[in-house]
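Residue numbers (the working numbering): 1350 to 1512.
Ideal Cβ placement from N, Cα and C applies to all residues, glycine included.
Note that the structure is predicted; figures quoted are calculated from it, not measured.
Each remark here refers to the structure printed beneath this line.
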């Protein structure tokens, strides 16, 4: 007696764009033709056609303008801080979380910034989540010096020969 092998199907995931292409083809040429053309099951194509109206609604809700995350409370002051960080890096100085926070406090005390954000000096907390969000907004990362080179003495060849 021979045993009949059960066909094992492999689960395939389809992107929303791929599904929309199949649905559009099915609406123009029919469900069976779409299933045959894209080598899919007819019931699956039918489910996709039914679900396609809700996909469009979900897509409209998902689209947001701008970058994800919380908006800056002090955008003008953060621009000053960003410029300060770039200057420090050009000079070869290390910039860490503490120095960034202290500099932001100094910036918020300046008269120009005080005019924009009168209570900013007192409300600013400068916690770790603010620093991380700030760095994400401006595409920064904390850098670490990986190589500190030493200058070799001028009479290196003579010392090598003596050694």
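Can you tell me whether residue i is helix, strand or coil according to DSSP?
| i | result |
| --- | --- |
| residue 1431 | helix |
| residue 1503 | coil |
| residue 1382 | helix |
| residue 1426 | helix |
| residue 1483 | helix |
| residue 1444 | coil |
| residue 1512 | coil |
| residue 1402 | helix |
| residue 1490 | coil |
| residue 1420 | coil |
In the DSSP assignment, the alpha helix (DSSP H) including residue i goes from what residue to what residue?
| i | result |
| --- | --- |
| residue 1378 | 1365–1378 |
| residue 1460 | 1460–1465 |
| residue 1473 | Here residue 1473 belongs to no alpha helix (DSSP H), and DSSP marks it neither H nor E. |
| residue 1362 | Careful: residue 1362 lies outside any alpha helix (DSSP H) and carries neither H nor E. |
Between the options, which has its C-alpha nearest residue i's C-alpha?
| i | options | result |
| --- | --- | --- |
| residue 1486 | 1427, 1502, 1360 and 1447 | 1427 |
| residue 1399 | 1389, 1380 and 1385 | 1380 |
| residue 1458 | 1512, 1378 and 1423 | 1423 |
| residue 1368 | 1360, 1383 and 1509 | 1383 |
| residue 1392 | 1404, 1433, 1402 and 1372 | 1372 |
| residue 1489 | 1468, 1431 and 1477 | 1431 |
| residue 1547 | 1378, 1386 and 1434 | Any answer about residue 1547 is impossible in this case: the structure gives the chain only from 1350 up to 1512. |
| residue 1480 | 1465, 1397 and 1454 | 1454 |
| residue 1474 | 1370, 1491, 1360 and 1449 | 1449 |
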